[in-house]
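Peer 1: Got a structure for you, questions after.
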Amino acid sequence: MLAPLTGLLDGVEQALARKPRMLRALLVGTAVAVFVFGPWWLWPCLGWVLVLRYVPLAVERGGELQQERSAHLEARAAARTAEAAVRQARMTIMSLRREQAQAAQAGQDDNPTDPLHHAVGLHPRSPDWLVVTARKAYRSRLHPDRHPRHRHQAEQRFVKAERVFEQIYALRGLSER
10 MLAPLTGLLD GVEQALARKP RMLRALLVGT AVAVFVFGPW WLWPCLGWVL VLRYVPLAVE
70 RGGELQQERS AHLEARAAAR TAEAAVRQAR MTIMSLRREQ AQAAQAGQDD NPTDPLHHAV
130 GLHPRSPDWL VVTARKAYRS RLHPDRHPRH RHQAEQRFVK AERVFEQIYA LRGLSER
């Protein structure tokens with residue numbers, strides 16, 4: 010007697026495996042139809058079949074729901090953390106843009122036409138290491154031995170650049186190494 014009913018339930022489960030809400034509605038509708046229109050002796054059979062068949066499924070689904078809830082909470086926490094990191098990055102970007110604008114404004118307010126530094130292409134506030142490197146580059150590029158055809162002119166340019174660098178070194182208190 011229960012075998013045809015179990016077979017029918019198996020078919021319904023397979024057909025509605027993708028739609029658990031439809032399965033629930035179908036089961037409730039079937040149960041109501043059996044209780045209203047079926048014979049009284051079919052009620053306990055239906056009850057046992059439902060209990061034996063669907064209580065384990067409900068317990069399993071409850072565990073799955075709990076896992077989904079915990080995964081959802083973890084994803085929410087990760088989203089909040091990422092949101093805070095993005096907010097912090099935006100604040101950093103804004104402060105860097107402000108600093109950049111201030112530096113650009115300060116660069117415009119300076120008097121970059123210092124003739125001594127301007128003669129060798131340096132800014133008055135350039136760091137000492139840049140002055141030393143620029144001097145080495147000038148020495149390498151303007152040395153008279155590199156320009157044998159125009160030795161006299163190259164020597165004049167070289168001496169002029171050396172004088173300028175000596176004055177800059179004296180202003181900054183740098184010593185030659």
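So the numbering used here is basically just the index in the sequence shown, starting at one, shifted up by 9. Cβ coordinates follow ideal geometry from the N, Cα and C atoms, glycine included.
Cutting at 6 Å between CB atoms, please list the residues of its own chain near residue 147, excluding the five before and the five after it.
Peer 2: In the sequence shown, residue 147 corresponds to position 138, counting from 1. Taken in chain order, the residues that qualify are 170.
Peer 1: Would you kindly work out how many angstroms separate the C-alpha atoms of residue 175 and residue 159, rounded to a whole number?
Peer 2: In the sequence shown, the residue the question calls residue 175 occupies position 166. In the sequence shown, the residue the question calls residue 159 occupies position 150. Using only the alpha carbons, I get a separation of about 24 Å.
Peer 1: Can you give me the start and stop residues for the alpha helix (DSSP H) that residue 137 sits inside?
Peer 2: Along the sequence shown, one-based indexing puts residue 137 at 128. Here the alpha helix (DSSP H) through residue 137 covers 137–151.
Peer 1: In whole angstroms, what is the alpha-carbon distance linking residue 36 and residue 75?
Peer 2: Start at 1 with the first residue of the sequence shown, and residue 36 comes out as number 27. Start at 1 with the first residue of the sequence shown, and residue 75 comes out as number 66. Residue 36 and residue 75: Cα-Cα distance of roughly 24 Å.
Peer 1: Starting from residue 175, trace the alpha helix (DSSP H) both ways and give me its first and last residue.
Peer 2: For the purposes of this step, residue 175 is identified with residue 166 of the sequence shown, where counting begins at 1. Its alpha helix (DSSP H) spans residues 160–181.
Peer 1: Anyone know if the C-beta pair for residue 64 and residue 55 falls short of 9 Å?
Peer 2: Position 55 of the sequence shown, counted from the first residue, corresponds to residue 64. Position 46 of the sequence shown, counted from the first residue, corresponds to residue 55. The answer is no: Cβ separation not under 9 Å.
Peer 1: Taking the C-alpha atoms as reference points, what is the distance between residue 100 and residue 90?
Peer 2: Position 91 of the sequence shown, counted from the start, is the residue given in the question as residue 100. Position 81 of the sequence shown, counted from the start, is the residue given in the question as residue 90. Those two C-alpha atoms are separated by around 15 Å.
Peer 1: How about residue 181 and residue 140: are their beta carbons less than 9 Å apart?
Peer 2: Taking the sequence shown and counting its residues from 1, the one referred to as residue 181 is at position 172. Taking the sequence shown and counting its residues from 1, the one referred to as residue 140 is at position 131. Their beta carbons are under 9 Å apart, which means residue 181 touches residue 140 by this criterion.
Peer 1: Taking the alpha helix (DSSP H) that residue 124 falls in, what are its first and last residues?
Peer 2: Translated into the one-based positions of the sequence shown, residue 124 becomes position 115. Segment 124–127, the alpha helix (DSSP H) holding residue 124.
Peer 1: Might you give, ordered along the chain, the residues of its own chain that have their beta carbon closer than 8 Å to the beta carbon of residue 126, omitting 5 neighbours on each side?
Peer 2: Position 117 of the sequence shown holds residue 126. Only 132, 133, 135, 177 meet the Cβ criterion.
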